[in-house]
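**Student:** Those letters in the sequence shown? Residues 343 to 706, by the numbering used here.
Don't be surprised by glycine CBs; every beta carbon is placed ideally from N, CA and C.
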Amino acid sequence: MRKTRSQFTVTLSLAALLAMLLNSGCAAPSYYSQAVAGHIQLMKQRQDIQQILDSGAADPELTQKLQLSLEIRSFAVAELDLPDNDSYTQFVSTGQDAVTWNVLAAPEFSLAPKKWCFLVSGCVPYRGYFKAGDAERFAKNLDDKGFDTFVSPAIAYSTLGWFDDPLVDTMFRYDDAQLAAFIFHEMAHQKLYVKGDTSFNEAYARFVEDSGLERWLAARDAGIEHDESRWSAQTAQRFNALIQSLRHRLEQLYASDQAPAELRAGKSRIFKAFKNDYRQLVTKHAGGKDPYRHVFAGDLNNASLALVNAYEGGSCAFENLFREAAEQMAEFHRLAAAKARLSATARSDWLNQPCQIIASDSDL
Numbered sequence: 343m344r345k346t347r348s349q350f351t352v353t354l355s356l357a358a359l360l361a362m363l364l365n366s367g368c369a370a371p372s373y374y375s376q377a378v379a380g381h382i383q384l385m386k387q388r389q390d391i392q393q394i395l396d397s398g399a400a401d402p403e404l405t406q407k408l409q410l411s412l413e414i415r416s417f418a419v420a421e422l423d424l425p426d427n428d429s430y431t432q433f434v435s436t437g438q439d440a441v442t443w444n445v446l447a448a449p450e451f452s453l454a455p456k457k458w459c460f461l462v463s464g465c466v467p468y469r470g471y472f473k474a475g476d477a478e479r480f481a482k483n484l485d486d487k488g489f490d491t492f493v494s495p496a497i498a499y500s501t502l503g504w505f506d507d508p509l510v511d512t513m514f515r516y517d518d519a520q521l522a523a524f525i526f527h528e529m530a531h532q533k534l535y536v537k538g539d540t541s542f543n544e545a546y547a548r549f550v551e552d553s554g555l556e557r558w559l560a561a562r563d564a565g566i567e568h569d570e571s572r573w574s575a576q577t578a579q580r581f582n583a584l585i586q587s588l589r590h591r592l593e594q595l596y597a598s599d600q601a602p603a604e605l606r607a608g609k610s611r612i613f614k615a616f617k618n619d620y621r622q623l624v625t626k627h628a629g630g631k632d633p634y635r636h637v638f639a640g641d642l643n644n645a646s647l648a649l650v651n652a653y654e655g656g657s658c659a660f661e662n663l664f665r666e667a668a669e670q671m672a673e674f675h676r677l678a679a680a681k682a683r684l685s686a687t688a689r690s691d692w693l694n695q696p697c698q699i700i701a702s703d704s705d706l
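#1: Taking only the alpha-carbon atoms, compute the straight-line gap between K631 and T625 and give it to the nearest angstrom.
#2: Cβ atoms of P495 and A560: under 7 Å apart, would you say?
#3: Cβ atoms of S411 and L509: under 7 Å apart, would you say?
#4: What do you reckon, are the CB atoms on A519 and T577 nearer than 7 Å?
#5: Given a cut-off of 7 Å on the beta-carbon distance, is the pair F472 and Q376 in contact?
#6: Expressed to the nearest angstrom, what Euclidean distance is found between the alpha-carbon atoms of R589 and F616?
#7: To which residues does DSSP link W443 through a beta bridge?
#8: For the alpha helix (DSSP H) holding V650, just list the boundary residues, first then last.
#9: For Q389, which beta-bridge partners are listed by DSSP?
#10: Bridge partners of A448, per DSSP?
#11: Could you tell me the distance, in whole angstroms, from the CA atom of A530 to the CA atom of Y596?
#12: Answer with buried or exposed for R415, where buried requires no fewer than 16 other C-beta atoms within 10 angstroms of its C-beta.
#13: Ignore the nearest five residues each way along the sequence and tell me which others in E478's own chain have a CB closer than 7 Å to its CB.
#14: Tell me which residues share the same chain as H325 and place their Cβ nearer than 7 Å to its Cβ, disregarding the 5 neighbours each side in the sequence.
#15: Tell me the DSSP secondary structure of W573 in three-state form.
#16: With three or more C-beta pairs closer than 8 Å as the rule, is the region 538-556 touching the region 681-692?
#17: Distance, Cα to Cα, L453 vs E403?
#18: Rounded to the nearest angstrom, how far is the Cβ of A659 from that of L693, given a contact under 8 Å?
#19: Please report the distance separating the alpha-carbon of K456 from that of A400.
#20: Please return the same chain residues whose Cβ sits closer than 6 Å to the Cβ of A648, not counting the five positions on each side in sequence.
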């Protein structure tokens, strides 16, 4: 149940607009107030990237990142069929470690994360704050109630297309490939978003991110080895297998009739064994690349596992859909939109089937 902190570099979209539209009893007015104030402050700080470049006032490193970000955005529009709007044509320097901080929570003996429901984004397994202290206090409150909790800094910012989202300086602290990945991922959320279905949304955006990055690196005549943090497909599959095994063992434990003390001891053993397996994966198969190091550095719990689950899974479903689309992005987006219109149960069944068996529409 111990709360941990991470600097996980993937992003969770925070639709701050929802705070202005909500009519829900899910949170206190103070939560909506901080969301509105934080969003407005961020929007007020936006600077047009082209104007910054034309002024010549930025230092060489920032100039290179800003110029590159415009090139990445243009590539996303032309080659990945992602939205051509004013998002990511502006920049905000936050001077912070993250742009928002997301709180995740899950019961002590359950893998089902707590969810908060909003009009714009639907029900999502996290709640975002613009100040780290506010997130930590909220997590502490949940921790005191017996929940496993986890605070994850978010690197990018998204209102799901409701506003012209800016690039933020937190995105520029990584290599060029990761910057491209951030932009492709966030633009994908603007292309397609299913209200309340985090698993589908993140699997879709992650696939667009991965396939877009592969194309972008090829266009730059740079191999995937130039990406300093990402795994090979084979390593990612091994990791997914580890996660599925972890989930299975925990589900079996939590479904047993053991006393709470025995459940806690078993839970600790399972997470400890997983961390050992993960370290071996990084050492033997990943060449030392460890994109989850900040998540797995501390004590693992059901909430931190919920963060990983939000970004893993569904890859095989979208890979097969991409092949069905003859690897044409416009057709892929069309087919993905059709899957998005399925019922929640049918969509989940399609997304979560084993890699070798992906259902056709007639099976759903």
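**Tutor:** Put simply:
#1: Locating residue 631 in the sequence shown gives position 289, where the first residue counts as 1. Locating residue 625 in the sequence shown gives position 283, where the first residue counts as 1. The straight-line gap from Cα to Cα measures roughly 8 Å.
#2: Indexing the sequence shown from 1 puts residue 560 at position 218. Indexing the sequence shown from 1 puts residue 495 at position 153. The answer is no: Cβ separation not under 7 Å.
#3: Translated into positions along the sequence shown, residue 509 becomes position 167. Translated into positions along the sequence shown, residue 411 becomes position 69. Yes, they are a contact pair.
#4: Translated into the one-based positions of the sequence shown, residue 519 becomes position 177. Translated into the one-based positions of the sequence shown, residue 577 becomes position 235. No; because the gap between Cβ atoms is not below 7 Å, this pair is not in contact.
#5: Position 130 of the sequence shown, counted from the start, is the residue given in the question as residue 472. Position 34 of the sequence shown, counted from the start, is the residue given in the question as residue 376. Contact flag set, yes.
#6: To locate residue 589, count along the sequence shown from 1; it is residue 247. To locate residue 616, count along the sequence shown from 1; it is residue 274. Those two C-alpha atoms are separated by around 10 Å.
#7: Counted from its first residue, the sequence shown places residue 443 at position 101. The partner list for W443 (beta bridge, DSSP) reads Y471, P495.
#8: Walking along the sequence shown from the start, residue 650 turns up at place 308. Residues 644-653.
#9: Counting from one through the sequence shown, the residue named residue 389 turns up at place 47. Answer is F433, bridged to Q389.
#10: Against the sequence shown, residue 448 aligns to sequence position 106. Its beta-bridge partners are D490.
#11: Counting from 1 along the sequence shown, the entry for residue 530 is found at position 188. Counting from 1 along the sequence shown, the entry for residue 596 is found at position 254. Looking at the two C-alpha atoms, the distance is approximately 36 Å.
#12: The residue labelled residue 415 in the question sits at position 73 within the sequence shown. Its Cβ being crowded by 16 or more others within 10 Å, R415 is buried.
#13: As a position in the sequence shown, residue 478 is number 136, starting the count at 1. Closer than 7 Å at the Cβ level, and outside the excluded window around E478, lie V493.
#14: Nothing in the structure corresponds to residue 325, since the chain is present only between 343 and 706.
#15: For this step, residue 573 is matched to residue 231 along the sequence shown. Correct three-state label for W573: coil.
#16: yes
#17: Position 111 of the sequence shown, counted from the start, is the residue given in the question as residue 453. Position 61 of the sequence shown, counted from the start, is the residue given in the question as residue 403. Each residue's Cα considered, the two are about 43 Å apart.
#18: Locating residue 659 in the sequence shown gives position 317, counting from the first residue. Locating residue 693 in the sequence shown gives position 351, counting from the first residue. Contact holds; Cβ gap of about 5 Å.
#19: Here the question's residue 456 lines up with position 114 in the sequence shown. Here the question's residue 400 lines up with position 58 in the sequence shown. Going from the Cα of K456 to the Cα of A400 covers about 43 Å.
#20: Taking the sequence shown and counting its residues from 1, the one referred to as residue 648 is at position 306. Around A648: L446, A448, P455, P467.
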